[in-house]
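S.K.: Starting off with a structure, shown below.
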Amino acid sequence: MGKDKSSKLSAANKRAHQSSAPQSVAPATPNWPPFKPPLPVTDLMLTSPAPGFENTIAVIYNFWPKSLCRNYVTFLKTLPLTTTPGRPKRGEAVRQNDRYQVNDPAFSQKLWLETGLKNALRDDSVRHLW
Numbered sequence: 276m277g278k279d280k281s282s283k284l285s286a287a288n289k290r291a292h293q294s295s296a297p298q299s300v301a302p303a304t305p306n307w308p309p310f311k312p313p314l315p316v317t318d319l320m321l322t323s324p325a326p327g328f329e330n331t332i333a334v335i336y337n338f339w340p341k342s343l344c345r346n347y348v349t350f351l352k353t354l355p356l357t358t359t360p361g362r363p364k365r366g367e368a369v370r371q372n373d374r375y376q377v378n379d380p381a382f383s384q385k386l387w388l389e390t391g392l393k394n395a396l397r398d399d400s401v402r403h404l405w
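Following this line, the structure appears as C-alpha cells:
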C-alpha cells in the first residue's frame with residue numbers, strides 16, 4: 276500500500292515553515308565608551324532607598340562620575356532599545372521600559388573588576404541580600 280499523501284504534505288509544510296521562521300540573532304557587542312579617566316577602585320557605599328527596604332534593595336550612589344554617566348546615557352541612546360510590552364497584568368500599573376540586552380563577558384568583567392563593584396557586593400554587611 277502507498278503512503279498517505281497528507282503525511283507527505285504535512286512533512287513538507289513543516290520543513291518549509293522551519294526554514295522561513297525568523298531566526299533569533301544575538302546583537303553584536305557594542306563599542307562601549309572607555310572609562311575616562313580610568314576609574315579608581317573605591318569603596319562604594321550600599322544604602323537602602325527608604326526605611327523598610329534595608330533587607331530588599333541596595334543602592335550605590337555616585338557609582339560613576341557625572342561625566343562618565345553622561346557619556347554612557349548618550350551612548351545608550353544610540354543602541355536599538357526594545358520597549359517592554361505596554362499591557363500590564365490585572366491589578367498592576369502600566370510600566371514601560373526601554374531595554375538593551377547583550378552578552379558581553381569582557382565588559383561584565385571590566386565592570387566587576389575595575390569599578391569597585393566586586394568589593395562592594397561581596398562586603399559582609401550586604402552579603403545577606405544575595
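Residues in the sequence shown are numbered from 276 upward in steps of one, following the numbering used here. Note that CB positions come from ideal geometry on N, CA and C, so glycine has one too. Just so we're clear, the structure is a prediction, and the values are computed from it rather than from any experiment.
Which of helix, strand or coil does DSSP assign to residue 365?
M.R.: Residue mapping note: residue 365 aligns to position 90 of the sequence shown, counting from 1. If DSSP states are grouped into helix, strand and coil, residue 365 belongs with coil.
S.K.: Decide if the region 372 to 385 is in contact with the region 353 to 364; the criterion is three or more beta carbon pairs, one per stretch, under 8 Å apart.
M.R.: Touching, yes, given that three or more Cβ pairs across the two stretches are closer than 8 Å.
S.K.: So residue 436 and residue 404 are supposed to be a Cβ contact under 8 Å. How far apart are they, rounded?
M.R.: No answer is possible for residue 436: the residues shown for the chain start at 276 and end at 405.
S.K.: With a 10 Å radius around its C-beta and 16 neighbouring C-beta atoms as the bar for buried, classify residue 390 as buried or exposed.
M.R.: For this step, residue 390 is matched to residue 115 along the sequence shown. It counts as buried.
S.K.: Would you mind reading off the limits of the alpha helix (DSSP H) that contains residue 400?
M.R.: Here residue 400 is taken as the residue at index 125 of the sequence shown, counted from 1. Counting along the chain, residue 400 falls outside any alpha helix (DSSP H), and DSSP gives it neither H nor E.
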